[in-house]
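> Pasting a structure here, questions to come.
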Amino acid sequence: MPMSQLRCLLSLLLLVSCSAFPQPFPSRPVTLIVPFSPGTGIDILARVIAPKLSEKWGQAVVVENKAGASGNIGT
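Mind the numbering: the sequence shown is residues -13 to 61 in our numbering, read in order.
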């Protein structure tokens, strides 16, 4: 393939790849899933972090506990 065709192909690929539009993040409430029961250390840490993330992102952050099976349900 001649060098000019290769350059043309690469420029076309570059233009096509730039046309993607990113989605706004986050577009809906964020859920922090804690794989242990309420009141544990990890749950308390998640509840301390959630309001700070909510302020930073401007979106609601919900802490949801999914306890059971030694933490396997929430992972």
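Every residue gets a Cβ at the ideal spot worked out from N, C-alpha and C, and that includes glycine. Since we're looking at a predicted model, the values are computed, not measured.
Classify I30 as helix, strand or coil using the three-state DSSP reduction.
helix
> Mind checking whether G60 and V20 have CB atoms under 8 Å apart?
yes
> Buried or exposed for A32, please, with buried defined as at least 16 other CB atoms from any protein chain shown within 10 angstroms of its CB.
buried
> Roughly how many angstroms separate the alpha carbons of V47 and S23, rounded to a whole number?
18 Å
> Assuming P15 and Q(-9) form a contact by the criterion Cβ under 8 Å, report the distance between their Cβ atoms to the nearest whole angstrom.
Rounded, the Cβ-Cβ distance is 50 Å, inconsistent with contact.
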